[in-house]
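Below is one structure; the comments refer to it alone.
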Amino acid sequence: MALLKRLIDWIDVRIGAREVVAKELTGYLLPRNINTWYSMGSILLFIFAMQVATGILLLIYYVPDADKAFKSVTFIMNEVPFGWLIRLCHTVGSSLMVLVLFFHMLSVLFMNSYKSPRELNWLTGFILFTMVQGISLTGYLLPWSQLSFWATTVATNSVGAIPAVGQYLVEFLRGGKLVGPPTLGRFFALHVALIPAVIAALVGAHLFFLQRTGVSTPPFGQKETANQWKGDGYHYENHPGGIPFFPVYAFEDVRSIFIYLACFLGVVFFFPNLLFTRDAFIPANPLLTPAHIKPEWYFLANYQTLKLFPSEFLGLAVQGVAMTFLALLPFIDRGPERHPLKRPLFMVCALGGLLLWIGLGVWGHYS
Amino acid sequence: MRCRETVIHVTGRVFALVSPLIVALLTLPAAAAEPPEIVCIQCHGSMPGRIGEPVKLWKGSIHAENGVACNACHGGDPKDAANAMSPARGFLGAPKETAIPAFCGRCHVGVMKDYLASAHGKALGKGGPTCVTCHGNHQVVKATLDLINEKSCSRCHSYERARLIRAAMQETEGMIVAIDTRIAAYKGEGTDTEGLEKGLFAVRNRFHTLFHNVDVEMVKKESAGIQGYLKKIRDQLTALDNSHKKRKLAGAGGITAMLLLALFAHLLRKTYD
Ligand code: HEM
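Those protein sequences? They're chains A and B, same order as listed.
Residues in the first sequence are numbered from 1 upward in steps of one, following this note's numbering.
Residues in the second sequence are numbered from 1 upward in steps of one, following this note's numbering.
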């Protein structure tokens, strides 16, 4: 104990560590009415770390070569001690990350915390959302199974509907006319190097913005729920009399993470096949199109939208408009009111959009 | 002997497995269109009676499924309507009864050997059955024990001996089917079943060549050995079952631990209220 204290003292006199702790942890106060939804971001940080860790472990045996990829994954699943666990953690983790991401986005949306001055938070978050979709899509191809091969073929095909440049873009993405060994090389590089680095950088920016604006006050249980910031100068939203982040809210975060882990392990050990079809265990065969190729659940709505429109371009354009609208939401929706129940129009649109997304996904699944 | 026959069988099976791929390869450029019809089918298909009948029957056969078309059996030129049935183009015509085993035996070599050595083969041309007596000529379907039934086997003699053979084979057949289902389930979960599948494949082939000897004693004797192999495969599957059970148990432990830790964190949090 004494030794530990001496070590801390040693560090403290050099870099003023106690001051940082006092300011950023014990003295970092959060609103008294903060709720569990504010833990989603911490869960996401935890999942991302876990994806990086399991991903590095997978890299030890995975071979990014069209002739060997499927075999190497089979080897990981069957021969490498606990390889099956690591692989399942990585695949299940990727899917749950998207799920928690949706929860995070929806909670921020319904509590209206994206409003000024938090536009930059929302914007970096939104780019993170597209990056997480990108990392999922590129990772899906890597096992080089029938499922991954054909799902990637379908997904990259739709890009070709963009007028003029579409065809070139598809070829650029695939490294050839069709999905093939060059595609695997590209997607591998994107999946393990570029996109994770971008995500890490964006998470840094996301947290930096959070640190500068301060955490928002949930609109629930407050008398005054209108946005106080007038845009006249920089202002840090502090919460006098609030609860300290460390140790109080940190324990809430930890509790949320353990509950997440329980659900996560439930899927890993008891329902791993939620995410796989038989085609996931058959090596890719460019000559044999399987009967029912569906993208992952979170792309089902996009998939169904593309099918609904008479031309693929129209389907793409509609999705592009919807995504742009979402990205720019804080700049479009600028009223000061933050309580969802006091904003009927917003509630109808948001709930309607959510139900539409779920409906399209279910339709896509059963179509 | 057995070994060589198995090799021949495996080659046949491999051909059978690969041929759909070849068909797919040929059809892919035409965006999965139907393969162009050969002239035999075009011409015969439009004819009535015994000349047109084979086309309909053949379409539902395992041969059609595997791309074994008219000309594969009858010879001839499937691309040239005018000379399609010219002997100069290798046309063989329809085989006479006594020629049928050799006709089918070009591809099913092992079966033909067993058949020729059997009581049935020895009675060829003297009231014994040929391949098509039991399998049909054009609508040949995947062979199962159901081919041994009272209606088919009592045409020439009493069903008694046929019943004995079927009974002797039934148990082994049941084991093969059950093992096949279990392997398929594991394959669908990402378990590497290649070794198991190969093992079962070889045993199944050995088993399926048994019948054509129509020798009850031999079936019984061979069945014991075959069941021994099947039991080995079954043991491997049971070992897999056990290790998966252990995983589930560990998983349940892990989940419980996480929930307890969550509760612990919750209680710690409460101490600050
Ligand atoms: C890898 C993905 C992401 C990570 C790791 C992440 C992490 C975090 C963390 C730790 C917080 C602070 C605690 C909290 O409110 O949960 C936060 C806040 C926030 N995030 Fe994210 N986030 C991610 C994606 C997103 C996305 C997709 C959006 C929306 C498009 C978003 C929008 C926001 C906003 C607006 C806040 C501020 C909330 C407030 O101050 O009340 N984030 N994020």
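Cβ coordinates follow ideal geometry from the N, Cα and C atoms, glycine included.
Item, Value
"How is A:L356 classed by DSSP in three states: helix, strand or coil?", "helix"
"Give every residue of the same chain whose Cβ lies closer than 7 angstroms to the Cβ of A:L147, excluding the five residues on either side of it in the sequence, and list them in chain order.", "T277, D279, A280"
"Kindly indicate if chain B contains any beta-carbon less than 8 angstroms away from that of A:I86.", "no"
"Return the chain-ordered ranges of every alpha helix (DSSP H) run that is complete within the segment 54 to 139 of chain B and spans a minimum of 4 residues.", "62 to 65, 70 to 74, 100 to 105, 109 to 117, 119 to 122, 131 to 135"
"What does A:G266 reach in chain B if we use C-beta pairs closer than 7 angstroms?", "I255"
"Determine the direct distance from the alpha carbon of A:I43 to that of A:P182, and round the result to whole angstroms.", "35 angstroms"
"Check each residue of the segment 178 to 193 of chain B: if its Cβ is closer than 7 angstroms to any Cβ of chain A, include it; give the result in chain order.", "K187, G188, E189, G190, T191, D192"
"Between B:S61 and B:G52, how many whole angstroms is the CB-CB distance? I'm expecting something under 8 angstroms.", "About 16 angstroms; that fails the 8 angstroms criterion."
"In chain order, what residues of the segment 102 to 129 of chain A put their CB closer than 7 angstroms to some CB of chain B?", "none"
"Below 9 angstroms on C-beta distance, what does A:E252 contact in chain B?", "A265, H266, R269"
"Would you call the segment 250 to 269 of chain A and the segment 83 to 99 of chain A touching, i.e. three or more CB-CB distances under 8 angstroms?", "yes"
"Over what stretch of residues does the alpha helix (DSSP H) that includes A:G242 continue unbroken?", "First-last for A:G242: undefined, no H or E at that position."
"Name, please, each residue of chain A whose Cβ falls closer than 9 angstroms to the Cβ of B:R247.", "W84, L85, F269"
"Would you say B:G251 reaches chain A, if we count a Cβ-Cβ gap shorter than 8 angstroms as a contact?", "yes"
"In its own chain, which residues sit with a C-beta less than 8 angstroms from the C-beta of B:V219, not counting the 5 before and 5 after it?", "I165, A168, M169, L210, F211, N213"
"Alpha carbons only, please: which of B:G125, B:I179, B:G76 is nearest the one belonging to B:Y229?", "B:I179"
"If you follow the alpha helix (DSSP H) that A:P127 is part of, which residue opens it and which one closes it?", "A small correction: the amino acid at residue 127 of chain A is Ile; Pro does not occupy that position in the sequence shown. Segment 119 to 141, the alpha helix (DSSP H) holding A:I127."
"Give a single yes or no on whether A:F208 has its beta carbon closer than 7 angstroms to a heavy atom of ligand 1.", "no"
"Which residue wins for smallest C-alpha separation from A:S116, given the options A:I199, A:D333, A:G27?", "A:D333"
"Tell me the DSSP secondary structure of A:L4 in three-state form.", "helix"
"Counting only C-beta atoms, is B:A239 closer than 8 angstroms to chain A at any point?", "no"
"How big is the Cα-Cα spacing for A:K294 and B:A102?", "48 angstroms"
"Quick one: Cα of B:N71 to Cα of B:D77, how far?", "7 angstroms"
"Under 7 angstroms: does the beta carbon of A:S136 sit that close to some heavy atom of ligand 1?", "no"
"Under 8 angstroms, do A:G364 and A:A301 count as touching if we go by C-beta distance?", "yes"
"Does B:R50 pass the burial test, meaning 16 or more other C-beta atoms within 10 Å, or should it be called exposed?", "exposed"
"Give the secondary structure of A:S145 by DSSP, where H, G and I count as helix, E and B as strand, and everything else as coil.", "strand"
"Determine the DSSP secondary structure at A:L178, reduced to helix, strand or coil.", "coil"
"Is there a Cβ from chain B that is less than 8 angstroms from the Cβ of A:A49?", "no"
"Would a check of beta-carbon distances place B:L196 closer than 8 angstroms to chain A?", "no"
"From the beta carbon of A:N273, is the nearest beta carbon of chain B less than 8 angstroms away?", "yes"
"DSSP three-state label for A:A226, please.", "strand"
"For B:V193, which residues from the same chain have a beta carbon less than 6 angstroms from its beta carbon, with the 5 sequence-adjacent residues on both sides left out?", "First, the residue type needs correcting, since residue 193 of chain B is Thr and not Val in the sequence shown. Excluding positions up to five away in sequence, the list reads I183, Y186, K187."
"Exposed or buried, B:K113, counting other C-beta atoms within 10 Å across all chains shown (16 or more means buried)?", "buried"
"Where does the unbroken alpha helix (DSSP H) through B:H208 begin, and where does it stop?", "194 to 208"
"Expressed to the nearest angstrom, what Euclidean distance is found between the alpha-carbon atoms of A:Y168 and B:L145?", "57 angstroms"
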